[in-house]
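*Asks:* Quick note: the sequence shown uses the numbering used here, first residue 1, plus one each step. All residues carry an ideal CB built from backbone N, CA and C; glycine is no exception.
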Amino acid sequence: MPLAVRPFRIDGLDAELAGRTTAEDWRRILALRDHPSFLRGLALYGQLIPQYFANNLILNKVVTEAWRFEMLVYTLYLHDKRDAADPRSGLTFANLQRICAIQKCASRGRVFAILGLMQVGGLLRRVRAADDSRVVHLVPSDAFIEIVEGWNHRIFQIIDAIAPEGALAARHKSEPRFGWDMRRRGAESILSGWKLLEPFPEVEHFVSRDGGWMLLLSCVAETILRSEGSHIVPVAVDLQVFGARFGVSRSHLRRLLESAHQAGLLEAPPRNGAHILLSHRLVASFIACMASELGNYRLWAQSSFPAGDHSPASFQHGIELPHSDKAGLYGI
């Protein structure tokens, strides 16, 4: 068959992917990925999320790259865990740097740079602790929280498009703490050792680089829409326009695609974005990664339900949320 069109099986890499994850994680992945509405939800993801990040330079510099996103998770977690009786708790440069060093996601310099960028962008403001003027807290602005809640709401809409029985978007709108509780549980899972990208190095090749997440998401969503998931067809991306939307240069995106081709993640030379033919391995890995991400968001949201409030049985999977035993290491 010519390279222009290649048949695709969503379960074609299952034996290998299952071996990269725990049995519990793989069960959660399959629960969403094999849902009849999953590809429709993935297409919605490809529509809603790029729209949200497009043309926002500060947001793209802060969020859409793997280690920066992990820093953002810890930033919100530290703020939410602040203890009024302990002025040194909460979001401070020292506390965030300590977490990032232990988690090996960012150097001290990177932490300083991102926190500075967030302050310049109006996402954080400095507030000296009333009980100890030597301590400076970084407090998320209302605009920043609105951005985060808006992004989370879109995630809940995507999950509801796949499995509407949870009604997560409606619950998010009606319960002020719902988003915060979900994010706290997510942070605790990451601190306990869960890492989204570790089982999916094919996806990490893109997500570890500026603009890579949006580029890969857009390409996979388009090829799925055009073939209804039965084939991988080549897609074209205007790298100049795309780069302008997400704050990266055309040359950076071109190098990213070329390196993906050299790594075997593209089936043909990308021709400066004019002919992007994703490999079966890359698409299968990306879809499983998306099911892992959405499945864990669903788990964290489910665990935020009030005691005694249970969703339908089809929404439950009997999976316990891991609890972090490292809180003492971070001084929080």
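Counting beta carbon pairs with one atom in the stretch 293-305 and one in the stretch 161-173, are three or more of them shorter than 8 Å?
*Replies:* With the cut-off at 8 Å, the stretch 161-173 and the stretch 293-305 touch.
*Asks:* What number of angstroms, rounded off, separates the C-alpha of residue 104 from the C-alpha of residue 87?
*Replies:* Approximately 26 Å, taken between the alpha carbons.
*Asks:* Whether or not the stretch 208-216 and the stretch 32-44 are in contact is what I'm after, with contact meaning three or more pairs of Cβ atoms, one per stretch, closer than 8 Å; do they touch?
*Replies:* Counting Cβ pairs under 8 Å, fewer than three are found: no touch.
*Asks:* Just to confirm before moving on: does the CB-CB distance between residue 266 and residue 260 stay below 8 Å?
*Replies:* Yes, the pair counts as a contact, with Cβ atoms nearer than the cut-off.
*Asks:* Just to confirm, are residue 72 and residue 62 a CB contact at a threshold of 8 Å?
*Replies:* Yes; because the gap between Cβ atoms is below 8 Å, this pair is in contact.
*Asks:* Using a threshold of 8 Å, state whether the C-beta atoms of residue 232 and residue 9 are closer than that.
*Replies:* No, the pair does not count as a contact, with Cβ atoms beyond the cut-off.
*Asks:* Mind checking if residue 158 is an interface residue toward chain C, Cβ cutoff 8 Å exclusive?
*Replies:* This model lacks chain C altogether, as it is built from one protein chain only.
*Asks:* Specify the secondary structure class of residue 225 as computed by DSSP and reduced to three states.
*Replies:* In this structure, residue 225 counts as helix in the three-state DSSP scheme.
*Asks:* As a quick exercise: from 129, 22, 44, pick the residue whose alpha carbon is nearest that of residue 85.
*Replies:* Nearest C-alpha to residue 85: 129.
*Asks:* Using only CA atoms, which one of 114, 110, 74 lies nearest to residue 95?
*Replies:* That would be 74, whose Cα lies nearest to the Cα of residue 95.
*Asks:* Using C-beta distances below 8 Å, list every residue in its chain close to residue 111, excluding the 5 sequence neighbours before and after it, in chain order.
*Replies:* Contacts found: 71, 93, 96, 97, 100.
*Asks:* Starting from the C-beta of residue 263, find all residues in its chain whose C-beta is less than 7 Å away, skip the five residues before and the five after it, and write them out in chain order.
*Replies:* So the list reads 205, once near-sequence residues are dropped.
*Asks:* In the structure shown, what three-state DSSP assignment does residue 136 receive?
*Replies:* Note: residue 136 maps to strand in three-state DSSP.
*Asks:* What residues in its chain sit with their C-beta under 6 Å from that of residue 324, if we drop five residues either side in the sequence?
*Replies:* Annotation note: pLDDT 38 at residue 324 (below 50); position unreliable, coordinate value reported separately. Correct list, in chain order: 188, 191, 192.
*Asks:* Identify the continuous alpha helix (DSSP H) that holds residue 127 and give its terminal residues.
*Replies:* Premise fails: residue 127 lies in the beta strand (DSSP E), 124-128, not in any alpha helix (DSSP H).
*Asks:* Enumerate in chain order the residues of its own chain whose CB-to-CB distance from residue 23 is below 7 Å, with the five nearest sequence positions on each side excluded.
*Replies:* So no residue of the chain qualifies.
*Asks:* Put residue 333 into one of helix, strand or coil per three-state DSSP.
*Replies:* The structure shown has nothing for residue 333, since the chain only spans 1 to 332.
*Asks:* Given a threshold of 16 other Cβ atoms within 10 Å of its Cβ, counted over all protein chains shown, does residue 55 qualify as buried or as exposed?
*Replies:* It counts as exposed.
*Asks:* Residue 50 by DSSP, collapsed to three states: which one?
*Replies:* Residue 50: helix per DSSP, three-state reduction.
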